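Protein chains: 2
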Amino acid sequence: MNAMTANEDLLKFEIPEVVFGRGALGQIGDCAGRLGGERVLLVTDPGVAAAGWVDEAIGHLRDAGLDWAVFDNVVTNPRDFQVEQGIQLYRRKRCDVIVAVGGGSPIDTAKGIAILASNHGAIHEYEGCNLVTQPIPPLVCAPTTAGTGADVSQFSIIADTRRKVKMTLLSRAIMPDVSLIDPRLLTTLSLEMIAATGMDALTHAVEAYVSSLAWPMTDPHALHAIELVGRHLREAARAKSPAALDGMFIACLEAGIAFSNAILGAIHALAHPLGALYDIHHGVANAVLLPAVVRKNMGYALSRFADIAHALSPETRGRGVRAAAEAVPEMLDALIADIGLPSRLSELGVDPADIPALAEMAQVDPCMLTNPYCYSKAEIESMYRDAL
Amino acid sequence: MNAMTANEDLLKFEIPEVVFGRGALGQIGDCAGRLGGERVLLVTDPGVAAAGWVDEAIGHLRDAGLDWAVFDNVVTNPRDFQVEQGIQLYRRKRCDVIVAVGGGSPIDTAKGIAILASNHGAIHEYEGCNLVTQPIPPLVCAPTTAGTGADVSQFSIIADTRRKVKMTLLSRAIMPDVSLIDPRLLTTLSLEMIAATGMDALTHAVEAYVSSLAWPMTDPHALHAIELVGRHLREAARAKSPAALDGMFIACLEAGIAFSNAILGAIHALAHPLGALYDIHHGVANAVLLPAVVRKNMGYALSRFADIAHALSPETRGRGVRAAAEAVPEMLDALIADIGLPSRLSELGVDPADIPALAEMAQVDPCMLTNPYCYSKAEIESMYRDAL
Chain X
1 MNAMTANEDL LKFEIPEVVF GRGALGQIGD CAGRLGGERV LLVTDPGVAA
51 AGWVDEAIGH LRDAGLDWAV FDNVVTNPRD FQVEQGIQLY RRKRCDVIVA
101 VGGGSPIDTA KGIAILASNH GAIHEYEGCN LVTQPIPPLV CAPTTAGTGA
151 DVSQFSIIAD TRRKVKMTLL SRAIMPDVSL IDPRLLTTLS LEMIAATGMD
201 ALTHAVEAYV SSLAWPMTDP HALHAIELVG RHLREAARAK SPAALDGMFI
251 ACLEAGIAFS NAILGAIHAL AHPLGALYDI HHGVANAVLL PAVVRKNMGY
301 ALSRFADIAH ALSPETRGRG VRAAAEAVPE MLDALIADIG LPSRLSELGV
351 DPADIPALAE MAQVDPCMLT NPYCYSKAEI ESMYRDAL
Chain U
389 MNAMTANEDL LKFEIPEVVF GRGALGQIGD CAGRLGGERV LLVTDPGVAA
439 AGWVDEAIGH LRDAGLDWAV FDNVVTNPRD FQVEQGIQLY RRKRCDVIVA
489 VGGGSPIDTA KGIAILASNH GAIHEYEGCN LVTQPIPPLV CAPTTAGTGA
539 DVSQFSIIAD TRRKVKMTLL SRAIMPDVSL IDPRLLTTLS LEMIAATGMD
589 ALTHAVEAYV SSLAWPMTDP HALHAIELVG RHLREAARAK SPAALDGMFI
639 ACLEAGIAFS NAILGAIHAL AHPLGALYDI HHGVANAVLL PAVVRKNMGY
689 ALSRFADIAH ALSPETRGRG VRAAAEAVPE MLDALIADIG LPSRLSELGV
739 DPADIPALAE MAQVDPCMLT NPYCYSKAEI ESMYRDAL
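Residue numbers (this note's numbering), protein chains in the order written: chain X, 1 to 388; chain U, 389 to 776.
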């Protein structure tokens with residue numbers, strides 16, 4: 001499958017306009033205005049509001065002469081009914097531009113609202129690849145976590161609460177217009193969230209680098225993101241030092257650019273059902289699954305995993321391809337332990353009896369299509385068990 | 389100076405949507421249509437038309453149900469009056485979208501026409517940074533040379549025929565919407581043009597990598613472009629083998645992404661007056677100046693030039709920083725000789741008596757602002773003399 005274009009021989013590379021630096025949030029009003037907006041729906045969550053970033057953003061919207069309405073009924077693993085509530089507010093307030101200030105959940109919710117603003121129907125109708133055909137309203141994002149990459153991607157993940165599955169909506173039409181990446185916004189995040197979202201960024205980069213759609217335009221970003229995570233995540237999750245947070249925000253950006261254009265793989269396919277069934281944080285789910293899936297994937301992309309080893313740790317450069325690749329799962333185990341994340345699914349309350357149901361969902365997740373190997377249901381079950 | 393944003397602490401990264409692969413030109417009609425166009429101005433030049441690509445492009449426009457008019461009065465180092473002729477045709481035919489099929493000259497001309505389509509006045513009024521304030525009509529490019537990067541950049545270079553200078557127009561508003569990079573289009577280029585345009589791409593990457601605006605989002609693209617030129621340009625300019633042409637097109641793309649966001653330096657500042665005064669091909673002018681300017685620039689960015697050495701030739705990795713950096717000019721001399729380009733300005737008819745006038749123009753070229761060192765007029769004259 002080539003999810004990106006109608007023609008299977010063509011490769012795509014698309015990202016939003018990116019503004020990076022302290023004070024980038026200050027451009028949110030000007031961006032919304034120059035994209036033609038007058039009435040803004042600001043999508044966020046209560047934690048971001050409590051940290052003060054919503055008030056700051058509203059000040060910038062006011063300075064730009066814009067009206068606004070705030071929608072903050074968003075939780076981690078955002079739900080279909082929250083998208084419905086958001087579009088009702090968008091329509092009631094006659095909004096014409098959407099800004100999202102938050103992590104992956106507010107940004108994915110904002111994308112869902114944007115889809116319904118110009119495509120009508122229910123959000124469930126857009127699950128899958130390239131089903132969003134009408135352009136969405138202008139969308140400006142200011143991420144508050146260094147993990148999601150949703151601010152530069154054409155993905156939105158929304159929970160279907162009736163079927164209890166996470167829907168993957170993947171359409172070039174839902175790429176945001178601008179991402180304002182302001183490292184100040186990371187300073188109010190908890191150390192636990194820096195660790196969890198950082199592992200999400202690492203997983204994006206690893207999966208994009210071994211994806212069957214990886215190409216020379218995505219590879220340098222994926223490898224550089226892995227290198228930056230190896231250099232900065234421990235320090236960011238220990239002390240939130242400014243240089244480490246800057247490094248993690250760039251890692252997240254580059255990982256987002258890589259996966260939006262090369263798509264993902266089995267780790268995300270196995271992680272999505274954990275979010276749907278147990279409401280486990282997406283970054284934590286990825287972290288727990290990452291070493292187990294890498295151990296299985298390695299044989300199908302050995303030299304690529306050797307490159308990943310070199311990026312994570314320059315000392316592996318002297319080793320042969322197989323020895324370097326085989327060092328990756330242990331480096332990941334050590335990183336996860338150092339940043340204090342759980343390493344087993346059983347710690348997260350996963351019931352072994354649910355594994356067949358989890359595997360059934362994982363097998364049909366669109367992310368599985370670009371994994372270097374196509375696993376059977378039995379093989380997927382065994383990966384879940386390896387991570388138990 | 390930070391040419392990219394109003395706020396000096398912010399870094400920008402912006403590129404068009406990119407579609408890469410054999411057959412990418414086939415999307416030109418669909419792209420123009422989905423961007424809202426109905427009547428297309430197709431900007432090209434007689435050489436591209438003779439190679440058959442204009443007929444193919446027109447077929448795709450027709451298949452997409454679009455009307456079109458062709459403007460092909462474009463020469464190398466395109467002129468202000470050609471932009472005027474183009475905008476007259478655009479208005480007479482009531483066009484609403486522009487597509488450019490060609491090298492840097494048709495693309496830069498298309499950008500000039502696009503500026504006047506929505507900003508009015510004369511093209512000379514937009515010389516400089518961020519003077520284009522109104523959004524341009526949709527612009528889709530299909531490059532036919534692996535050098536310019538104009539298809540992914542916010543630059544347009546237009547000759548002011550009265551003052552005999554090349555004007556640099558640098559505005560985020562003139563970034564194309566889509567670049568369709570189709571390696572088939574390189575196959576009809578002469579070997580000489582592959583060599584000359586390839587050196588333009590290399591110069592973009594080198595200047596972006598040592599620019600004062602380089603940052604972690606531009607660096608991986610600049611270095612990867614240099615690596616690809618080192619690996620593929622000799623073979624591309626000798627035999628046009630498909631793998632080498634693919635590699636050079638990706639090098640050109642990545643170099644374009646890097647320089648559009650990190651801007652350029654002294655080589656381009658010195659090359660532009662050569663185009664204005666002698667109508668020397670831009671890629672040839674860059675090639676002749678590159679080793680001479682690198683020799684002067686090196687001391688101001690030694691470790692960066694060592695990275696460039698490693699990218700051009702992995703064998704330099706064992707050497708110390710200074711030794712690696714100092715190997716760069718000789719590697720460039722050897723590459724230029726191998727691909728059969730001239731290496732001295734005197735071969736191109738440059739009169740030593742013109743050097744003071746050339747240096748005066750070069751000193752005020754906007755590209756000089758991001759060079760690692762700010763040269764006096766006397767130093768610029770001495771670089772021209774070094775390349776005589």
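Yeah, the Cβ is synthetic: ideal placement off N, Cα and C, and Gly gets one too.
The structure displayed is predicted, hence computed values, not measured ones.
Below 8 Å between beta carbons: does that hold for residue i and residue j?
{"i": "Leu289/X", "j": "Leu264/X", "result": "no"}
{"i": "Ser600/U", "j": "Thr758/U", "result": "yes"}
{"i": "Leu25/X", "j": "Ala64/X", "result": "no"}
{"i": "Ala584/U", "j": "Ala675/U", "result": "yes"}
{"i": "Met636/U", "j": "His656/U", "result": "no"}
{"i": "Leu253/X", "j": "Val229/X", "result": "no"}
{"i": "Ile194/X", "j": "His221/X", "result": "no"}
{"i": "Val436/U", "j": "Thr532/U", "result": "yes"}
{"i": "Arg572/U", "j": "Arg410/U", "result": "yes"}
{"i": "His448/U", "j": "Gly424/U", "result": "no"}
{"i": "Ala255/X", "j": "His204/X", "result": "yes"}
{"i": "Gln82/X", "j": "Thr109/X", "result": "yes"}
{"i": "Val407/U", "j": "Ile569/U", "result": "yes"}
{"i": "Asp548/U", "j": "Asp468/U", "result": "yes"}
{"i": "Val485/U", "j": "Pro523/U", "result": "no"}
{"i": "Pro366/X", "j": "Thr168/X", "result": "yes"}
{"i": "Glu769/U", "j": "Pro744/U", "result": "yes"}
Please state the DSSP three-state secondary structure of residue i.
{"i": "Lys628/U", "result": "coil"}
{"i": "Asp455/U", "result": "strand"}
{"i": "Cys517/U", "result": "strand"}
{"i": "Thr76/X", "result": "coil"}
{"i": "Ala722/U", "result": "helix"}
{"i": "Cys141/X", "result": "strand"}
{"i": "Ile107/X", "result": "helix"}
{"i": "Arg295/X", "result": "helix"}
{"i": "Ala3/X", "result": "Note that Ala3/X scores 37 on pLDDT, short of 50, meaning its location in the model is unreliable and no value can be drawn from it."}
{"i": "Thr197/X", "result": "helix"}
{"i": "Ser343/X", "result": "coil"}
{"i": "Lys93/X", "result": "coil"}
{"i": "Met217/X", "result": "coil"}
{"i": "Leu430/U", "result": "strand"}
{"i": "Ile524/U", "result": "coil"}
{"i": "Gly283/X", "result": "helix"}
{"i": "Ile486/U", "result": "strand"}
{"i": "Cys367/X", "result": "helix"}
{"i": "Pro760/U", "result": "coil"}
{"i": "His120/X", "result": "coil"}
{"i": "Val350/X", "result": "coil"}
Label residue i either buried or exposed according to how many other C-beta atoms from any shown protein chain fall within 10 Å of its C-beta, with 16 as the threshold for buried.
{"i": "Cys95/X", "result": "buried"}
{"i": "Lys552/U", "result": "exposed"}
{"i": "Thr187/X", "result": "exposed"}
{"i": "Asp634/U", "result": "buried"}
{"i": "Lys554/U", "result": "buried"}
{"i": "Val520/U", "result": "buried"}
{"i": "Lys499/U", "result": "buried"}
{"i": "Gly474/U", "result": "buried"}
{"i": "Pro760/U", "result": "buried"}
{"i": "Pro46/X", "result": "exposed"}
{"i": "Lys12/X", "result": "buried"}
Which partner residues does residue i have in the DSSP bridge list?
{"i": "Glu791/U", "result": "The question about residue 791/U has no answer here: the residues shown for chain U are numbered 389 through 776."}
{"i": "Leu677/U", "result": "The partner list for Leu677/U (beta bridge, DSSP) is empty, contrary to what the question assumes."}
{"i": "Leu11/X", "result": "Phe408/U"}
{"i": "Ser600/U", "result": "Its beta-bridge partners do not exist; DSSP assigns none."}
{"i": "Leu557/U", "result": "Gly516/U and Ser544/U"}
Discussion item. I'd like to know if the stretch 708-719 of chain U and the stretch 626-636 of chain U are in contact, where contact means that at least 3 CB-CB pairs between them fall below 8 Å.
Written reply: As far as the Cβ criterion goes, the stretch 708-719 of chain U does not touch the stretch 626-636 of chain U, which means the pair count is below three.
Discussion item. For the pair the stretch 528-541 of chain U and the stretch 485-493 of chain U, tell me if three or more CB-CB distances fall below 8 Å.
Written reply: Counting Cβ pairs under 8 Å, three or more are found: they touch.
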